[in-house]
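Numbering (this note's numbering), first residue to last: 27 to 227. Working notes, beginning with the structure itself.
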């Protein structure tokens, strides 16, 4: 069944669809970043303002570096730790002179994560990096844990629902690695103490 889910999810995304999919934290809405219609649908489903950028998920650090992102010394410490893959979202800038893909041309930084979810990682290995954002309506503080509650909150329905139990109530921890020392911008599943301990090594 898992292989069928992976195949079906990849197919829908590559055909320009959107997917509601479990991560290792809250449920997310996913789309190919190169498909403008699919990206627009995610904004519409969440009622999210278009001037607020969407986060990226990838299967590994190599995929993020291929986007031109600067994984600096502090970021490398965290990427090399047991926290990755996992519930840490990194805010990263771009290398000097980086050749950005067209869908990142207007951005100076991105929030990126490598999730610790076998199904989603398998999808990401097939599709490449995806835009994946929490599946809550904009302005609501939390993402519902149950799929039925998520769907009741969204402004419409995604093209595919990949249900995998209940999502967690706590989102990822966001750490901005463009600063030195890095700055935690959202407290989440990984404690600040754990992150600071790794950075101090």
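The beta carbon of each residue, even a glycine, is placed where N, CA and C say it ideally should be.
Assigned secondary structure, residue i (DSSP; H/G/I helix, E/B strand, else coil)
i           : result
residue 47  : strand
residue 34  : helix
residue 153 : helix
residue 52  : coil
residue 140 : coil
residue 216 : coil
residue 57  : strand
residue 14  : Outside the modelled stretch of the chain, which goes from 27 to 227, sits residue 14, for which no answer is possible.
residue 147 : helix
residue 186 : strand
residue 28  : helix
residue 135 : strand
residue 179 : helix
Anticipated Cβ contact below 8 Å, residue i with residue j, distance rounded
i           : j           : result
residue 162 : residue 135 : Incorrect: roughly 22 Å between the Cβ atoms, too far for contact.
Proximity to residue i [Cα-Cα], best of the options
i           : options           : result
residue 99  : 66, 202, 216      : 202
residue 196 : 149, 88, 217      : 217
residue 7   : 159, 89, 225, 184 : What is shown of the chain runs 27 to 227, which leaves residue 7 out entirely.
residue 221 : 116, 140, 74      : 116
residue 119 : 111, 131, 112     : 131
residue 60  : 184, 212, 82, 77  : 82
residue 145 : 57, 206, 72, 189  : 189
residue 143 : 154, 113, 78, 38  : 113
residue 122 : 69, 97, 211       : 97
residue 77  : 84, 65, 85, 88    : 65
residue 154 : 185, 62, 111, 88  : 88
residue 102 : 38, 172, 204      : 204
residue 157 : 29, 67, 200, 223  : 67
Query raised in the report: Considering only residues of the stretch 66-128, which uninterrupted alpha helix (DSSP H) runs meet the minimum length of 4 residues and lie entirely inside it, listed in chain order?
Result: 87-91, 99-105
Query raised in the report: With contact counted as at least three CB pairs below 8 Å, one residue from each stretch, are the stretch 117-131 and the stretch 102-109 in contact?
Result: no
Requested in this report: Would you check if the stretch 163-182 and the stretch 143-152 touch, i.e. whether three or more CB-CB distances between them fall below 8 Å?
Outcome: no
Requested in this report: Count the C-beta pairs between the stretch 44-56 and the stretch 180-195 that are closer than 8 Å, then say yes if the count reaches three, no if not.
Outcome: yes
Report task. Could you tell me whether the stretch 38-50 touches the stretch 179-188, where touching means 3 or more Cβ pairs closer than 8 Å? Result -> yes
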